[in-house]
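Visitor: Going left to right, the sequence shown walks through residues 16 to 352 as my numbering numbers them.
Would you mind keeping the following structure in view while I ask a few things?
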Amino acid sequence: MKKFKEIVAAGLAAILAVTACACSGNASSAGTSAASTTKKYKVGVIQYAAHPSLDNCYKGLKEGLKASGLEEGKNLTVDFQNAQSDNGNSDLMAQNMVSKKYDMIITIATPAAMSAFSAAKNTNIPVVFTAVSDPVAAQLVSSLKHPGGICTGSSDVLPLEAQLKMIRSFIPKAKKIGILYTTSEANSVSHLKEIKKLAPKYGFQIENIGITNSSEVASGAASLMAKKVDCVNNFTDNNVVSNLSTLLQAADKAKVPVFGSEIEQVKNGCLAADSIDYVSLGNETGKMAAKILKGEAKAADTPVYTVSEGKMVYNKSVMEKSGLKLPAECSNAEQVG
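See below:
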């Protein structure tokens with residue numbers, strides 16, 4: 016009987032030991048899972064210039080990150096910096112973020128993306144960009160479908176053909192379209208090349224004036240008006256958009272309408288635009304960045320997101336001041352001013 020009790024006791028002890036190990040293993044597994052879901056990330060954001068379309072990108076970016084479970088103040092720290100349209104500032108900001116070994120650098124506009132890529136290219140820090148019109152020409156990615164490096168993001172290539180159709184419908188007799196652009200901005204150079212290719216199809220001639228910095232916007236605008244253009248088409252050129260009022264004043268004095276490229280430009284005095292939604296663009300970028308941060312995707316294998324179409328918007332007060340009417344072809348355009 017005594018021997019039997021000893022056997023039972025030994026068996027119970029073994030069972031308890033196994034149970035304890037199992038519980039310990041489950042607790043460890045749960046702890047690991049909890050740790051993975053509560054990981055905190057530090058991200059640097061460089062916005063190249065202070066103007067509404069880029070501000071809208073940043074707004075959408077934060078919304079996209081939050082929708083993906085990354086929220087500032089909880090599991091995400093964001094170091095936001097604005098380069099104020101200065102390439103030197105942008106370069107220095109990117110270099111500092113790399114030295115601090117941030118988990119990711121997110122950039123808004125082409126010059127900021129180029130700064131970050133240059134600073135991070137020999138590291139494993141991913142760079143995610145938004146508002147970059149031609150990332151291939153800027154040498155940020157190998158191709159839109161297969162970026163192939165540390166960089167990917169979203170592109171705001173403008174719907175230029177739709178824009179030309181819209182301009183023709185507003186001003187049927189127009190011949191010359193004026194364009195003011197920054198010669199060092201890859202996005203503007205790319206758009207200028209494309210619009211020059213498309214313009215003859217719609218009976219237009221492009222007159223362009225190049226500038227090197229924001230201080231030349233006034234003189235550049237005056238030179239453009241001297242070319243007797245019938246209208247001006249504005250890109251998303253950072254120096255020009257940051258000083259849009261200067262261009263508008265020169266055009267208003269010459270009684271020349273200015274067409275914008277996105278809704279904020281139209282709200283601020285341009286006649287109309289086939290507009291990109293920059294909040295939506297930023298939102299998609301935020302979701303993309305979250306996947307890469309979480310390890311669910313790699314920048315090298317994540318295709319660049321490209322906007323497929325724009326939305327036509329117009330400023331009624333500017334239109335009436337210009338002595339123009341809303342064309343039948345633009346009857347679905349949204350009034351934003």
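Even for Gly, the Cβ is constructed at its ideal location relative to N, Cα and C.
Just mark T149 as buried or exposed, buried being the case when its beta carbon has 16 or more other beta carbons within 10 Å.
Guide: Residue numbering aside, residue 149 sits at position 134 when the sequence shown is read from its first letter. Inspection of the sequence shows that residue 149 is occupied by Asp rather than by Thr. Buried, by the Cβ-count rule.
Visitor: If you measure between the beta carbons of E335 and Y320, is that distance less than 7 Å?
Guide: Numbered from 1 along the sequence shown, position 320 holds the residue referred to as residue 335. Numbered from 1 along the sequence shown, position 305 holds the residue referred to as residue 320. No, these two residues do not count as a Cβ contact at 7 Å.
Visitor: Which partner residues does N249 have in the DSSP bridge list?
Guide: Locating residue 249 in the sequence shown gives position 234, where the first residue counts as 1. Answer by DSSP bridge pairing: none, since N249 is not bridged.
Visitor: Residues bridged to S169 by DSSP?
Guide: What you label residue 169 is simply residue 154 of the sequence shown in a count that begins at 1. Looking at the DSSP output, S169 sits in a beta bridge with Y320.
Visitor: Look at the alpha carbon of E222 and the alpha carbon of A269, and state the distance between them as a whole number of angstroms.
Guide: Taking the first residue of the sequence shown as position 1, residue 222 is located at position 207. Taking the first residue of the sequence shown as position 1, residue 269 is located at position 254. If I take the Cα positions, the gap works out to 16 Å.
Visitor: Between S157 and V142, what straight-line distance do the alpha-carbon atoms span, to the nearest angstrom?
Guide: If you number the sequence shown from 1, residue 157 lands on position 142. If you number the sequence shown from 1, residue 142 lands on position 127. In a straight line, the C-alpha of S157 is about 14 Å away from that of V142.
Visitor: Would you mind stating whether A214 and M240 have Cβ atoms separated by less than 7 Å?
Guide: By one-based count along the sequence shown, residue 214 stands at place 199. By one-based count along the sequence shown, residue 240 stands at place 225. In this structure, M240 does not lie closer than 7 Å to A214 by Cβ.
Visitor: Quick check: the region 331-350 against the region 110-119, are at least 3 beta-carbon pairs closer than 8 Å?
Guide: no
Visitor: Taking just the CA atoms, how far does K216 sit from K57?
Guide: Working through the sequence shown from its first residue, we reach residue 57 at position 42. Working through the sequence shown from its first residue, we reach residue 216 at position 201. One C-alpha to the other measures close to 49 Å.
Visitor: Rounding to the nearest angstrom, what Cα-Cα distance links L207 and K54 in this structure?
Guide: Counting from one through the sequence shown, the residue named residue 207 turns up at place 192. Counting from one through the sequence shown, the residue named residue 54 turns up at place 39. About 44 Å.
Visitor: What residue range does the alpha helix (DSSP H) around G301 cover?
Guide: Along the sequence shown, one-based indexing puts residue 301 at 286. Start and end: 293-308.
Visitor: Using a Cβ-Cβ cut-off of 7 Å (strictly less than) and excluding sequence neighbours within five positions of K398, which residues of its own chain qualify?
Guide: This structure does not reach residue 398, given that the chain is present from 16 up to 352, and the question cannot be answered.
Visitor: Thinking C-beta only, is F250 closer than 7 Å to S234?
Guide: Stepping through the sequence shown from its first residue, residue 234 is reached at position 219. Stepping through the sequence shown from its first residue, residue 250 is reached at position 235. Cβ distance not < 7 Å, so S234 and F250 don't count as in contact.
Visitor: In chain order, what residues of the same chain have a beta carbon less than 6 Å from the beta carbon of Q96, not counting five sequence neighbours either side?
Guide: Here residue 96 corresponds to residue number 81 of the sequence shown, with the count starting at 1. The answer, listed in chain order, is I61, M108.
Visitor: What is the DSSP secondary structure of F219, counted as helix, strand or coil?
Guide: As a position in the sequence shown, residue 219 is number 204, starting the count at 1. In the structure shown, F219 sits in coil (DSSP, three-state: anything other than H, G, I, E or B).
Visitor: Considering Cα atoms alone, identify which of K313, G84, Q99, Q350 is closest to N258.
Guide: As a first step, residue 258 must be located in the sequence shown, where it is residue number 243. Closest option to N258, judged by alpha-carbon separation, among K313, G84, Q99, Q350: Q99.
Visitor: Hey, out of F144, A131, G310, whose CA is closest to N102's CA?
Guide: The residue given as residue 102 occupies position 87 in the sequence shown. Out of F144, A131, G310, A131 has the C-alpha closest to the C-alpha of N102.
Visitor: What distance in whole Å lies between the Cβ atoms of Y63 and I120, which are believed to be in contact at a cut-off of 8 Å?
Guide: Residue numbering aside, residue 120 sits at position 105 when the sequence shown is read from its first letter. Residue numbering aside, residue 63 sits at position 48 when the sequence shown is read from its first letter. In fact, because the Cβ distance is near 13 Å, the residues do not count as touching under 8 Å.
Visitor: Return helix, strand or coil for L91, following the three-state DSSP convention.
Guide: The residue you call residue 91 lines up with position 76 of the sequence shown. It is a strand residue.
Visitor: Once the 5 residues before and after T197 are set aside, which same chain residues still bring their CB inside 6 Å of it?
Guide: By 1-based counting over the sequence shown, the position of residue 197 is 182. Cβ neighbours of T197 beyond the five flanking positions: S203, I226, D252, N254.
Visitor: Please report the residue range of the beta strand (DSSP E) in which D289 lies.
Guide: For the purposes of this step, residue 289 is taken as residue 274 along the sequence shown, with counting starting at 1. Segment 287-290, the beta strand (DSSP E) holding D289.
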